[in-house]
Amino acid sequence: MIRSFLNAFLPEDEYKRLRILYFMAETTFLSVIILFLLGFLKYFLNFNLDTDFILLLTPPIMLAYSYFRYVFSGIEHTEVSSKNEYMKKRRTAVIRSLSMGVIFSIIFLIVKGIPNNWNDGIDLIAMPIIFTVLYFLFEMISLKKSYKQNKNLTDD
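Letter 134 of the sequence shown, counting from 1, is numbered 134 in the UniProt record's numbering, and no numbers are missing.
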């Protein structure tokens, strides 16, 4: 095994590890290309760009790209290959999504405090609902992709 600080963040499964490293390399490459293009636009074509905002926006975009590639690749749930396992994982995904929504609601309430007006109250209700729905959606997409991929591997 290669000695690196990244080993603390990567899974033990070698296939997953390699795919995630590829995603990270793609992200880094795309970020460098985008930053060079923005630098070219700013300094040679004199575009008025807010460089602080762009530099602060780069890490979240890198994380989002890696996360979406991971979710849509179908490598998260390697153990799901039968309909029974799929249904069991689906129930687990629902429970996990709801519990994450409750945890998010509690943390959001602690951070924002008790709402003083109607708009803050709607914000306190809508944000956790949106978070829970998106969490569930990404979990289900990942599960479905993994199931299809694993089913195809066992059929071959």
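By construction, the Cβ of each residue, glycine as well, lies at the ideal position given by its N, Cα and C atoms.
Exposure label - residue i; buried when at least 16 CB within 10 Å
i, result
"residue 111", "exposed"
"residue 2", "exposed"
"residue 134", "exposed"
"residue 130", "exposed"
"residue 148", "exposed"
"residue 82", "exposed"
"residue 71", "buried"
"residue 14", "exposed"
"residue 97", "buried"
"residue 60", "exposed"
"residue 139", "buried"
"residue 20", "buried"
"residue 99", "exposed"
"residue 121", "exposed"
"residue 39", "exposed"
"residue 113", "exposed"
"residue 9", "exposed"
"residue 44", "exposed"
"residue 23", "buried"
"residue 33", "exposed"
Presumed contact (8 Å Cβ cut-off) between residue i and residue j, rounded CB distance
i, j, result
"residue 41", "residue 47", "4 Å"
"residue 58", "residue 35", "7 Å"
"residue 166", "residue 78", "This structure gives no information on residue 166, because the portion of the chain shown stretches from 1 to 156."
"residue 27", "residue 66", "5 Å"
"residue 90", "residue 143", "6 Å"
"residue 102", "residue 146", "Their Cβ separation, rounded to whole angstroms, is 25 Å, which puts residue 102 and residue 146 out of contact at 8 Å."
"residue 54", "residue 16", "The pair is not a contact, with the Cβ atoms about 32 Å apart (cut-off 8 Å)."
"residue 108", "residue 87", "The pair is not a contact, with the Cβ atoms about 31 Å apart (cut-off 8 Å)."
Range of the contiguous alpha helix (DSSP H) that encloses residue i
i, result
"residue 152", "118 to 155"
"residue 85", "83 to 112"
"residue 26", "14 to 43"
"residue 57", "51 to 73"
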